[in-house]
Structures are given as structure tokens and as C-alpha cells.
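Everything below concerns the one structure shown next.
Numbering (the numbering used here), first residue to last: 1442 to 1703.
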């Protein structure tokens, strides 16, 4: 995308009814490493691809613990994600202190939507450049929510965000009907297969570049890293031959003005 006269600030509308600064923030999510979320009747699972800045650097954490019943995976600016994660932790602590009960997942997502909506309306601010997949379990069962820099949020059966995530979404759509009745291990396997679809042909999932987060009935949110994910990876079959990448896999290039969906 290239600079134009209507992208100087988030309060400026283009003649086509678009806010370019919000669209640019949405593109930042596509630059982040891919993450997948899906749920069954009893569990919600997050699977994320970790990146390292160089051979000398450790892999960045992509799944973060919020409360005993909630966790998030991120795609986009990690610094923005940390800020939102701290806010979510504070809201969960307030609920336990004031009401002596865990904060319902949908209520927390609504609060995050309100928080991320504020900088989309105020001069001199910028939208948060991060997308979240929120996994949680409460009285209503397991949940997977997606949040966007535009302040939209969606209740999902399964979702993937990040670089080349369209390939993972295609896999999830193909197998979505089987997720509800899956055992936990099978659900994680589906998440790993979906995440593997986002990788180049010469790369595969290893214990160093993948994280898994699980929450469910009678199970607090738990993050599996490094050697802990080895048992999940052992169940993956040999990788099938790669197909051609799909058009929506990469961040968008400059395109003609179209109505913007917010």
C-alpha cells in the first residue's frame, strides 16, 4: 500500500467510505506468524507458530496466559498484544476480587472490543496492530473468539489469523463438522494440521517453533512449549504434497478503492 491524502490520521475518511489507518493495522495482523484456534464440546485449543528474529535469538511467545480459564494467541505487534493481555488480566482479577467469580469469556471480549475501539475514533491515536484469538471456558462451555484492530470481534467455531492463514482456514472449513465430537488429542491434531498448511514446503512443525494452549472442563488453561509438544507432534502423519498458495495468504498489495467492511 502507498501513502495517499486520506491516510494521515485515523479520523479521516476517504471518499469511498474507508479509513486507511484501520486497514493498515489489519495488514499488520497478516504480517504476524500464523495461529489457529478451534473447539469441541468440552475443550478449546490454540496452536501458534513461533518465530525467531535470528539464529541467535530465542523464539517469541505467541500464546499468553490470561486467567485460569482464558488464554490468547496473537498475530501482529507483540508489544500491542502485551498491553491488551495486561488489561485482560486486570479485568479478570477485578472480577474475582469484586464478584468472587471468574469473568465470563464473552464479557471480557466485549471489554477488549470497547478498548480497541477508542483509538479508532480519536485524533492522534493509532489502532492496535494486533489480532487475537481468545480461548476460554465458562458456564456456557468452550469459546473461541477473534478480535481485530477495527474493534470487531467474532464468536467462532474455528479460526486462523496471521501470515498465509487462508490455507489454514480452508483446512478448518473442510473438517469443521468433526470438531464438536473430537477427543482432545484429535482436536489438537486438527489444529496442528491446519497450522502446518501455512508453512512453506521446505519447513515443518518442530518442538521449537510451535506452541499449544488448551483449556476445558475441569482443566485450567495450560500452555505446552518445547518438549511438552513432542507427544502431539508424534501423532502427525507425513506431510502431503503442497498445493499452490491461495491469493489471500499474503498481506494485500495496493488495490483500487472498494467499500471497507468494519
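All C-beta atoms in this analysis are idealised placements derived from N, C-alpha and C, irrespective of residue type, glycine included.
When you compare only the Cα positions, how much space is there between residue i and residue j?
{"i": "residue 1599", "j": "residue 1543", "result": "24 angstroms"}
{"i": "residue 1576", "j": "residue 1514", "result": "8 angstroms"}
{"i": "residue 1449", "j": "residue 1562", "result": "14 angstroms"}
{"i": "residue 1484", "j": "residue 1641", "result": "29 angstroms"}
{"i": "residue 1579", "j": "residue 1535", "result": "17 angstroms"}
{"i": "residue 1546", "j": "residue 1571", "result": "19 angstroms"}
{"i": "residue 1596", "j": "residue 1582", "result": "13 angstroms"}
{"i": "residue 1469", "j": "residue 1569", "result": "9 angstroms"}
{"i": "residue 1574", "j": "residue 1644", "result": "24 angstroms"}
{"i": "residue 1656", "j": "residue 1445", "result": "45 angstroms"}
Apart from the five residues on each side of it in sequence, which residues of its chain come closer than 8 angstroms, Cβ to Cβ, to residue i?
{"i": "residue 1567", "result": "1451, 1462, 1466 and 1560"}
{"i": "residue 1558", "result": "1592"}
Spatial neighbours of residue i within its chain, please: C-beta separation below 7 angstroms, excluding the five flanking residues on both sides.
{"i": "residue 1616", "result": "1631"}
{"i": "residue 1606", "result": "1475 and 1639"}
{"i": "residue 1554", "result": "1588, 1592 and 1594"}
Leaving out five residues on either side along the sequence, give the residues of the same chain with a beta carbon under 6 angstroms from the beta carbon of residue i.
{"i": "residue 1603", "result": "1473, 1474, 1475, 1476 and 1516"}
{"i": "residue 1481", "result": "1620, 1621, 1623 and 1628"}
{"i": "residue 1455", "result": "1447"}
In or out: residue i buried (at least 16 other Cβ within 10 Å) or exposed?
{"i": "residue 1491", "result": "buried"}
{"i": "residue 1551", "result": "exposed"}
{"i": "residue 1496", "result": "exposed"}
{"i": "residue 1537", "result": "exposed"}
{"i": "residue 1503", "result": "buried"}
Going by DSSP, which residues form a beta bridge with residue i?
{"i": "residue 1586", "result": "1575 and 1596"}
{"i": "residue 1514", "result": "1504 and 1574"}
{"i": "residue 1616", "result": "Its beta-bridge partners do not exist; DSSP assigns none."}
Which whole-angstrom value describes the C-beta separation of residue i and residue j, a residue pair presumed to lie in contact below a C-beta threshold of 8 angstroms?
{"i": "residue 1479", "j": "residue 1646", "result": "Contact doesn't hold; Cβ gap of about 16 angstroms is too wide."}
{"i": "residue 1653", "j": "residue 1486", "result": "7 angstroms"}
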